[in-house]
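For reference, the structure discussed in these notes is given below.
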Amino acid sequence: MSDLQRSFLKGKLSRLPPVPPFPSGADDEERAEAESGDSFGDAGPSIASASSSDLQNRRRTQQRTDDFAPRTAEGYFEQALEVDVPLRKGSGSFRVYFTPPRPKAAHAPRPHARPFAAASIDSIDIDVQSSALPKLNRKFGLSGDEDDEDTVDATSPSAARNPGTLFVFHHGAGFSALSFALTAAELTRQSGGEVGVLTYDCRGHGRTKLHNVEESPLDMSIDTLSSDLTLLLSTLYPRTDEMPSLVLVGHSMGGSVVVSAAHALAASGFTRISGVAVLDVVEGTAMDALEVMRSVVLSHPSGFASVQDAIRWHVDSKTIANAESARVSVPPLVEPNPLYTASAPSTDSDNTDEPQEVLDEADEIDKASSIHAYKWRADLLATEPYWRGWFQGLSSRFLSVRSARLLLLAGTDRLDRELMIGQMQGKYQLEVIADVGHSLHEDAPDRTARILFDFWRRNERIQLPLKHIKKVGEL
1 MSDLQRSFLK GKLSRLPPVP PFPSGADDEE RAEAESGDSF GDAGPSIASA
51 SSSDLQNRRR TQQRTDDFAP RTAEGYFEQA LEVDVPLRKG SGSFRVYFTP
101 PRPKAAHAPR PHARPFAAAS IDSIDIDVQS SALPKLNRKF GLSGDEDDED
151 TVDATSPSAA RNPGTLFVFH HGAGFSALSF ALTAAELTRQ SGGEVGVLTY
201 DCRGHGRTKL HNVEESPLDM SIDTLSSDLT LLLSTLYPRT DEMPSLVLVG
251 HSMGGSVVVS AAHALAASGF TRISGVAVLD VVEGTAMDAL EVMRSVVLSH
301 PSGFASVQDA IRWHVDSKTI ANAESARVSV PPLVEPNPLY TASAPSTDSD
351 NTDEPQEVLD EADEIDKASS IHAYKWRADL LATEPYWRGW FQGLSSRFLS
401 VRSARLLLLA GTDRLDRELM IGQMQGKYQL EVIADVGHSL HEDAPDRTAR
451 ILFDFWRRNE RIQLPLKHIK KVGEL
C-alpha cells in the first residue's frame, strides 16, 4: 500500500465516530435472558466475529432492553402488604403499598397489627412470574415496629389528638396501585414525611386476590368498588377516632370510586375527610367516550412476549409517557400465560407494538392469546356492563361531597355543563397540567404531587371552630 493510500485511509478513519464500549455485564445478561426464555431467536454472531454494525445493533437492542427493565416498589413505599378484608360477599386479600404519616405535632398511630418480619419492603421480592405473596398478619395485614422509638402508642392522648393525614389513592380501570408509585414518593418527599400515602390494587386488578367471590362475571359496580375501599380502611383502622384525616385521590374510574367512598364515609359519621381529588375524568367526556371504548380495548395487544415488551408497548403507545413510571406500574398488569407453550408460534417483540385487529370470534381470541408468554391480568371487556355506572352522575356526586374538592385535568375545554357552573361558583379547585396524557400522575408525578400537597396544606390548616367559616368546596 502506497503512502498516499495510507494517508487517505487514515484521514477517513479519523473522522469516524468511535465504537461505543459494550455495556458491562452484557454477556451475563444475555445468557440470563436465554436461560429464562426471554431471548428471541438466535443470538447471532459472537462478539469476536461480529462486525462493527452488528455490535452497534446489539448495543442498541441491549440498551433498549435495559431502558424497559421492570422495577419493584422498593424505594417508593415503606411497606408492601397483603391485607385480608371481609367483603360484603366473600373476602379479599388486597395488595397494599403503604407509608405511614408522621405529623410534626404528634406521631400518628399505626394500624392495629402485630409486628411481622416480612412487613419491610426490603424483604419482599416482587416477581411478576410468581404468584406468591408476603404472608403478613392475617387479621389486619399491616405491621408495627416494637423497637421504633418515634412511634407513639395508639392509645396515648397525643396520638388520638393528631393521627396525621393519609393520602389514599385509587387507580383507574386497567391500571394498578403502582401507577401512583412516583407521585406517592414525591408527595412523601415534599411533605417531609408529614403525610402518609396508601394505594392498593382494586378487585380484578394487579395482585389482589378474591376468595369465595363469584368471578364470572366479577362484580365491578361502583357501589361494590367504593364498599371495598371503605371496608379496607375500616380493617386497617378499626377505631375511627384513630384513623388519620383522609385525602381521597382517584384516577379515571378511581375518581368515581373515591367520590362514592367519601359519601359513604360521611354517612357513617366519619368527618375527617380533608379533601377529595379526581384526576382526569369528567362525566360528560367519559360518557361520550363509552361508544368507542370497546374498540379501544380490542385494539390493545392480546399479550406480550415478556414483561419488558409490555413496558415498551405502554411507553411507545404513549399510554404512559414516563418510562420510569411504566417500569414500576406495568409489571403488575401482566402475568404468565398458562396457555402459552414454548412450541407455540413465537411472536417478535416488534409485533406487540402494533395494535391487534379487532377479533370477533372466540376461537380467534383464544388462538391469539395462546401465542404470548404473558397476558393481561385484568379483563377490561368483562367490565363493560359497569362502564356507564362508573361515570353516570359523577359531576353531581363530586360537587356534593362535603369536603374540599380538586379536579386535576390533563387538558382544557373538557368540563361538562354542571362542572362549568360549579367552577364559576367556586365549588371546587380546578388545575390543569399541560403536555401529559391520560395518566397524568405517571407522566408528571412531581407536578401532580405538588398540586396535591398544596391542596391538602391549603385546606388542612384551616381548623377554625367558627361555624360560619368553611373550607373551599364545603357546602
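The sequence shown begins at 1 in full-length UniProt numbering and counts up by one.
C-beta atoms are modelled at their ideal positions from N, C-alpha and C, and glycine is treated no differently.
All of these numbers come straight from a predicted model, not from anything done at the bench.
Selected residue, minimal CA-CA separation from residue i, among the options
i, options, result
"Asp-454", "Asp-416, Ala-434, Lys-209 and Leu-408", "Leu-408"
"Asp-246", "Leu-232, Gly-275 and Ala-267", "Rather than Asp, the amino acid found at residue 246 in this sequence is Leu. Among Leu-232, Gly-275 and Ala-267, the Cα nearest to that of Leu-246 belongs to Gly-275."
"Met-268", "His-314, Asp-241, Lys-89 and Glu-291", "Note that residue 268 is Ser in the sequence shown here, rather than Met. Comparing Cα-Cα distances from Ser-268 to each of His-314, Asp-241, Lys-89 and Glu-291, the minimum goes to Asp-241."
"Thr-188", "Thr-271, Phe-98, Leu-225 and Asp-219", "Phe-98"
"Val-96", "Arg-88, Ala-73 and Ala-80", "Ala-80"
"Leu-380", "His-205, Ile-371 and Val-401", "His-205"
"Met-287", "Tyr-386, Asp-219, Phe-304 and Thr-271", "Tyr-386"
"Leu-225", "Phe-304, Leu-87 and Gly-303", "Leu-87"
Status (buried if at least 16 other CB within 10 Å, exposed otherwise) for residue i
i, result
"Pro-332", "buried"
"Asp-223", "exposed"
"Ile-421", "exposed"
"Pro-338", "exposed"
"Glu-215", "exposed"
"Gln-425", "exposed"
"Thr-341", "exposed"
"Asp-280", "buried"
"Lys-135", "With a pLDDT of only 42 at Lys-135, under the threshold of 50, the placement of this residue in the model should not be trusted; the figure read from the coordinates follows. Exposed, by the Cβ-count rule."
"Ser-395", "buried"
"Ala-43", "Since pLDDT at Ala-43 reaches only 34, below the 50 mark, its modelled position is unreliable, and no value is offered."
"Asp-366", "With a pLDDT of 48 at Asp-366, under the threshold of 50, the modelled position of this residue cannot be trusted; read the value that follows with caution. Answer is exposed; the Cβ neighbour count stays below 16."
Close beta carbons around residue i, own chain, < 8 Å, minus the five adjacent residues each side
i, result
"Gly-92", "Asp-84, Val-85, Arg-203, Thr-208, Lys-209, Leu-210, His-211, Val-213 and Asp-228"
"Tyr-76", "Tyr-97, Leu-178, Ala-181, Leu-182, Ala-184, Ala-185 and Val-328"
C-beta atoms of residue i and residue j nearer than 8 Å
i, j, result
"Thr-165", "Glu-460", "yes"
"Ser-252", "Ala-321", "no"
"Val-195", "Phe-167", "yes"
"Pro-217", "Ala-382", "yes"
"Ser-329", "Ala-373", "no"
"Asn-162", "Pro-238", "no"
"Val-282", "Asp-446", "no"
"Met-243", "Leu-233", "yes"
"Arg-377", "Glu-335", "yes"
"Ile-273", "Ala-264", "no"
"Ile-311", "Arg-294", "no"
"Leu-290", "Arg-388", "yes"
"Val-278", "Phe-398", "yes"
"Phe-94", "Ser-256", "no"
"Asp-67", "Ala-410", "no"
Same chain, Cβ closer than 7 Å to residue i, neighbours up to 5 away in sequence not counted
i, result
"Arg-450", "Gln-190"
"Gly-90", "Leu-210, His-211, Asn-212 and Val-213"
"Thr-230", "Ala-261, Ala-264 and Leu-265"
"Ala-434", "none"
"Val-401", "Val-259, Ala-262, His-263 and Val-276"
Beta-carbon contacts of residue i that lie in its chain and below 6 Å, excluding the five residues immediately before and after
i, result
"Asn-169", "Note on identity: in this sequence residue 169 is Phe, with Asn being the wrong assignment. Hits under 6 Å: Phe-180, Thr-199 and Val-249."
"Arg-457", "none"
"Gly-437", "Lys-318, Ala-321 and Asp-443"
"Gly-254", "His-170, His-171 and Gly-172"
"Ser-325", "Leu-182 and Glu-442"
"Thr-285", "Arg-414"
"Ala-101", "According to the sequence shown, residue 101 is Pro rather than Ala. Around Pro-101: Ala-108, Gly-164, Thr-165, Leu-166, Val-195, Gly-196 and Pro-244."
"Glu-431", "Leu-408 and Ile-451"
Practice task
Check whether the stretch 177-196 touches the stretch 258-276, counting contact only when three or more Cβ pairs, one atom from each stretch, lie closer than 8 Å.
Solution key: No: the two stretches stay apart, fewer than three of their Cβ pairs being nearer than 8 Å.
Practice task
Could you say if the stretch 433-451 and the stretch 293-304 meet the contact criterion of at least three C-beta pairs nearer than 8 Å?
Solution key: No: fewer than three Cβ pairs fall under 8 Å.
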